[in-house]
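Undergrad:
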Amino acid sequence: MSSVNDSTTPRSQLRVGRLTKAHGLKGAIKLELFTDDPGRRFVPGAVFTLQVPTGSPWHGKKIELVELRWYNQHAVGFFKDVPDREAAEALAKAILWIDQDDAEQSDEEDAWYDHQLIGLAVVRDDVQIGTISRLEHLPAQDLLIVKTPAGDVMIPFVKAIVPSVDIKRGIVTITPPPGLLEELPEEPEESDEALAADEAPAADEEAAEKPSDVPAPTDTDGA
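Take the sequence shown: its letter number 43 is residue 43 in my numbering, and every next letter is one higher.
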C-alpha cells in the first residue's frame, strides 16, 4: 500500500488531479489532471483537499490555486503559500480533491464518488465474483478492492479492465487479463479406473455374503 493513502478523504469529495513535481524556481508544480473540465475545476481561488502522507507538513490541510498555466501541453499550477521550489517539492505526489454536494450531478464521464462504488457487485463473464469493499487511490492509478469468497482481490480501476460501471443496477463489469485473478481449483473428475477400484471392494463383499450354489462335499466314509 502506498504511503499517500495514509490520509483519508471524505466520501463526498471528487478526485480531480495529482501534483507530480516542481516546475521552475517560483513554486510552480506540474499537474496530472483527472477531470475533463479543468477550466471549471482549476480556476483561481479553487480550494483543494490534499491527500498526503501523515508525516507531511501539508497533512490535514487544504491548498488554494492562484493560477493554472500550460507549458508544452502540460498543466502547471501556482498555489497560495507555495513560494519556491523547495515548498513545491514537498507537495510532489499529493492528490487533489474537491468538495462536491452529493445532490450535484456530475457531468464528467466516468467520475464517481467512493461511496457510490462500495458495495456494488463485481461481475465477470456474467458471473458475480464478489463485491467492492473499498478503493485505494494510488499516485499511478486507483484500485478496486473486491471482496471474494477466496479473499480480497485488487483490480486496477482502468477502462481496459473495468469497461462498465452501472450505478443504477449496482453492477461493475470487469474483463481482467489472464493471471490477474486467482482461479479457484476445480475438483478433479474421478477416472474410470478409480471408480472401478472403489466399486471392487463392494463387489467382493457382495460375493462373500451370497450363498454358494456348489453343494457341500458328502462324507463317503459314513456308515
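Every residue, glycine too, gets a C-beta built ideally from N, C-alpha and C.
Give the range of the beta strand (DSSP E) segment to which residue 83 is assigned.
TA: For the purposes of this step, residue 83 is taken as residue 83 along the sequence shown, with counting starting at 1. Residue 83 -> no beta strand (DSSP E), and no H or E assigned at all.
Undergrad: May I have the straight-line CA-CA distance separating residue 33 from residue 126, to the nearest angstrom?
TA: Position 33 of the sequence shown, counting from 1, holds the residue named residue 33. Position 126 of the sequence shown, counting from 1, holds the residue named residue 126. For residue 33 and residue 126, the distance between alpha carbons rounds to 33 angstroms.
Undergrad: In chain order, which alpha helix (DSSP H) runs of at least 4 residues are fully inside the stretch 22 to 94?
TA: Runs found: 38 to 41 and 85 to 89.
Undergrad: Using a Cβ distance threshold of 8 angstroms, determine whether the stretch 22 to 33 contacts the stretch 112 to 132, with at least three qualifying pairs required.
TA: As far as the Cβ criterion goes, the stretch 22 to 33 does not touch the stretch 112 to 132, which means the pair count is below three.
Undergrad: Residues in the same chain with beta-carbon distance under 7 angstroms from residue 61, minus the five sequence neighbours each way, listed in chain order, please.
TA: As a position in the sequence shown, residue 61 is number 61, starting the count at 1. Closer than 7 angstroms at the Cβ level, and outside the excluded window around residue 61, lie 50.
Undergrad: Please state whether DSSP places residue 166 in a helix, a strand or coil.
TA: In the sequence shown, residue 166 corresponds to position 166, counting from 1. It is a strand residue.
Undergrad: Quick check: the Cα distance between residue 94 and residue 159, rounded to an integer number of angstroms?
TA: Indexing the sequence shown from 1 puts residue 94 at position 94. Indexing the sequence shown from 1 puts residue 159 at position 159. The alpha-carbon atoms of residue 94 and residue 159 are separated by roughly 23 angstroms.
Undergrad: State the DSSP-derived secondary structure class of residue 138, mapped to helix, strand or coil.
TA: Mapped onto the sequence shown, residue 138 falls at position 138. Three-state result, residue 138: coil.
Undergrad: Would you tell me roughly how many angstroms separate the C-alpha atoms of residue 76 and residue 157, rounded to the nearest one?
TA: Mapped onto the sequence shown, residue 76 falls at position 76. Mapped onto the sequence shown, residue 157 falls at position 157. Whole-angstrom Cα-Cα distance: 26 angstroms.
Undergrad: Would you give the residue range spanned by the alpha helix (DSSP H) that residue 114 belongs to?
TA: Indexing the sequence shown from 1 puts residue 114 at position 114. It spans 114 to 117 - the alpha helix (DSSP H) in which residue 114 sits, taken as one unbroken run.
Undergrad: Which residues in the same chain as residue 20 place their Cβ atom closer than 6 angstroms to its Cβ, once the five residues preceding and following it in sequence are excluded?
TA: Within the sequence shown, the letter at position 20 stands for residue 20. Contacts found: 30 and 32.
Undergrad: Residues bridged to residue 19 by DSSP?
TA: Counting from 1 along the sequence shown, the entry for residue 19 is found at position 19. DSSP, once it has assigned bridges, lists 31 as partnering residue 19.
Undergrad: Quick one: grab the DSSP three-state call for residue 147.
TA: Residue mapping note: residue 147 aligns to position 147 of the sequence shown, counting from 1. If DSSP states are grouped into helix, strand and coil, residue 147 belongs with the strands.
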